[in-house]
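Listed in order, the protein sequences are those of chains A and B.
By this note's numbering, the letter at position 233 of the first sequence is numbered 233, and the numbering carries on one by one without gaps.
Basically this note's numbering = 1-based index in the second sequence + 299.
Taking it in order: structure first as structure tokens, then the write-up.
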Amino acid sequence: MIINGVTIDETFAEAFPMKGTRLIITALNAKWAMISAQAFTGFATSVIACGCEAGIERELDPSETPDGRPGVSVLIFAMGGKGLAKQVETRAGQCILTSPTSALFSGLDNSEKEIALGQNLRYFGDGFQISKMIDGKRYWRIPVMDGEFLTQEKTGVHDSVGGGNFLVLAESQAQALAACEAAIEEMRKIPNVIMPFPGGVVRSGSKVGSKFKALNASTNDAFCPTLKGQTKSDLSPEVESVMEIVIDGLTKEDIDKAMRVGIQAICDLGAENGIRRISAGNYGGKLGPYHFHLQEIMA
Amino acid sequence: MSALTFTLKTSPAQRVDCSPLTADKLADKTAADIAAITLVVGNQKVRTDEIFDIQGDDVANIHFVKATDKLDHIGHAMTTGKITVDGDAGAYLGQFMAAGDIVVNGNTAIYTACEMKGGTIKINGNAGDFLGGARIGYKNGMTGGTVIVTGNTGARTGDHMRRGYIFIEGNAGDYCGSRMVSGTIAVLGSVGKHFGYAMKRGTLLLTSAPEQGISANFNDCGSHTLAFLPLMFASFKKFDTKFAEIEPFSRVQRYAGDISGIGMGEILIKI
């Protein structure tokens, strides 16, 4: 398949099941809601070493938030429910509870499975915390130095998908980056997904395993342009830079949509902007049960 | 199907225990079965059709017509359906109620919503003493649900209340929120003496400062903007009450008490 001079490889991205939740962070103004959200989602690019993958889904208008203040919705994913609960609790405790004027709410209510959100953070109140049941949901009011930190007790857990991805193969680093930026801009309009890497783009895509026993992932040498003559390369001579976009989503369909708009945005730039191919991280079924076939997505 | 209507034939001389007349207890019963149910009246047992004219067949929608304050235990432990009372209701209306709706177009007597667990009670009139309270010797009053009183309430509103909401559109009597364990009582009018007496936790939300001032057992914690209040006001919108219509506010003067006890209760007064 070729779109606007860009070859869409006949391959698929492999993704794996994760547990995810959406949180809504509000603050006195949009600036501080975003600061809080950025702190919460920091160092959360990959479960390989971060324990979770998290990102900002979108900014929220005051009319969309529970307390009528400006907000930000974030998605956070981990390999299991316990890991997710631990990450949510520690990050909320260190990054949102501490953030001036913040409040924290579940963005996934009415789920069958729930994990603690403010349930344990309340103990920071040292006995002065106050519980309030509002509309059948329990909230905690925790006294803090700037007033009160309001947090919902629990948040829902959704069976999610992590690791959807595609690779952008370009004639130069600048062209690969420009294409990825265009893709990310479109993909951020899709709900229920995040692109957890810096700016949504990863330049160090990995393969499963390593020659070093201590590592379970290592550089994806087949797509490293400087190794064309040293390894079994998947790159043609014109390709000088490869970047990857990784997508985590609440459902496979959400990732499908995000991949479609992202790849389309890159194809709109086309071969005339140095984009040669779109490929994907295909590890022969070793990575996960979810397969995103590029040509089917773009059909 | 039409509402199952119990029209009082004559005003009873003795108190009538209406607890058998709920949707839960009347489900699958025929008209003859319902007519034959015996109600405790004073120290007698009397057939339902001797006290009421009975019409209709929808047990999920029960009406008491020409009701008086002798009709006790209406909606006792109900878990479903709606009860409408045209007239006054007696004691223990909605006691142990877990779900459903009760609307009273009149006044209610003592222990309305006593130990209520869920559902909604709306009283288009006044409520007696111990609204939402606990029975004597029991430690937990209301543990859930919502009570709306368009008029005034008697003394000890929310005594031992543990959870849920009481909205008072008129005035609250003396000792409002006494021994409250948790939950929220909101008052649009005035409150009587000794409000918050022996309050442990919970919130008394007042829209105006009481003329008599605040008890010495409550300490002034200053004026604050509390984030939970807009959330709470938004949750009021689904109820048929003036509290759904008032302009939401989050700026309040906060008093903590009763400091003769654990002092974790709060009185919030709009500023």
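Glycine residues also receive a C-beta, built at the ideal position from the N, C-alpha and C atoms.
All of these numbers come straight from a predicted model, not from anything done at the bench.
| query | result |
| --- | --- |
| Between residue 107 (chain A) and the rest of its own chain, which residues show a CB-CB distance below 6 Å, the 5 nearest in sequence each way excluded? | 22, 23, 24, 73 |
| Give me the Cα-Cα distance between residue 489 (chain B) and residue 384 (chain B), rounded to the nearest whole angstrom. | 27 Å |
| Quick one: is residue 133 (chain A) near chain B, going by C-beta distance under 8 Å? | yes |
| Considering only the beta carbon of each residue, do residue 211 (chain A) and residue 222 (chain A) sit closer than 8 Å? | no |
| Would you mind sorting residue 1 (chain A) into buried or exposed? The rule is 16 or more other CB atoms within 10 Å of its CB. | exposed |
| If we cut at 8 Å on Cβ distances, does residue 411 (chain B) have a partner in chain A? | no |
| Taking all protein chains shown into account, do 16 or more other C-beta atoms lie within 10 angstroms of the C-beta of residue 213 (chain A), making it buried, or fewer, making it exposed? | exposed |
| Which whole-angstrom value is the C-beta distance of residue 390 (chain B) and residue 409 (chain B), which I expect to be below 8 Å? | 5 Å |
| With H, G and I counted as helix, E and B as strand and the rest as coil, what does DSSP make of residue 478 (chain B)? | coil |
| If you reduce the DSSP assignment to three classes, tell me which class residue 273 (chain A) lands in. | helix |
| Excluding sequence positions up to five away, which residues of its chain have a Cβ less than 6 Å from the Cβ of residue 28 (chain A)? | 101 |
| When DSSP labels each residue in this structure, what does residue 552 (chain B) get in the three-state scheme? | strand |
| Would you say residue 298 (chain A) and residue 246 (chain A) are within 8 Å of each other, going by their C-beta atoms? | no |
| Considering only the beta carbon of each residue, do residue 168 (chain A) and residue 243 (chain A) sit closer than 8 Å? | yes |
| Shortest alpha-carbon distance to residue 128 (chain A) belongs to which of B:566, B:555, B:569? | B:555 |
| Within a Cβ cutoff of 6 Å, which residues of the same chain sit near residue 313 (chain B), ignoring the five residues on either side of it in sequence? | 340, 341 |
| Counting along the chain, where does the beta strand (DSSP E) carrying residue 166 (chain A) start and finish? | 154 to 170 |
| Counting only Cβ pairs nearer than 9 Å, list the residues of chain A close to residue 525 (chain B). | 141, 147, 148, 150 |
| So, is residue 240 (chain A) buried or exposed, given that buried needs 16 or more other C-beta atoms within 10 angstroms? | buried |
| First and last residue of the beta strand (DSSP E) that includes residue 131 (chain A)? | 130 to 134 |
| Between residue 70 (chain A) and chain B, is there a C-beta pair that is closer than 8 Å? | no |
| If we cut at 8 Å on Cβ distances, does residue 529 (chain B) have a partner in chain A? | yes |
| If we ignore side chains and look at the alpha-carbon of each, how far apart do residue 36 (chain A) and residue 205 (chain A) end up? | 28 Å |
| Applying the criterion that 16 or more other CB atoms from any shown protein chain within 10 Å of the CB defines a buried residue, is residue 145 (chain A) buried or exposed? | exposed |
| In angstroms with no decimal places, state the Cα-to-Cα distance between residue 164 (chain A) and residue 187 (chain A). | 13 Å |
| Below 8 Å, how does it come out for the region 366 to 379 of chain B and the region 315 to 325 of chain B: are there three or more Cβ pairs, yes or no? | yes |
| Against residue 103 (chain A), what residues of chain B qualify as contacts under a CB-to-CB distance less than 7 Å, listed in chain order? | 526 |
| Going by C-alpha to C-alpha distance, which of B:482, B:530, B:307 sits closest to residue 549 (chain B)? | B:530 |
| Kindly indicate which residue of A:141, A:18, A:115, A:81 has the alpha-carbon position closest to the one of residue 124 (chain A). | A:141 |
| Which word fits residue 150 (chain A), buried or exposed, when buried means at least 16 other C-beta atoms lie within 10 angstroms of its C-beta? | buried |
| For a contact meaning CB atoms closer than 9 Å, what does residue 61 (chain A) contact in chain B? | Under the 9 Å cutoff, chain B gives no residues; its nearest Cβ is about 15 Å from residue 61 (chain A). |
| What residue range is occupied by the uninterrupted beta strand (DSSP E) comprising residue 400 (chain B)? | 400 to 404 |
| Using a Cβ-Cβ distance under 8 Å, would residue 67 (chain A) count as near chain B? | yes |
| Could you tell me whether the Cβ of residue 534 (chain B) comes closer than 8 Å to any Cβ of chain A? | yes |
| So, is the C-beta of residue 507 (chain B) closer than 8 Å to a C-beta in chain A? | no |
| Short of 8 Å in beta carbon distance, which residues of its chain neighbour residue 282 (chain A), apart from the five on each side in sequence? Order them along the chain. | 11, 12, 13, 14 |
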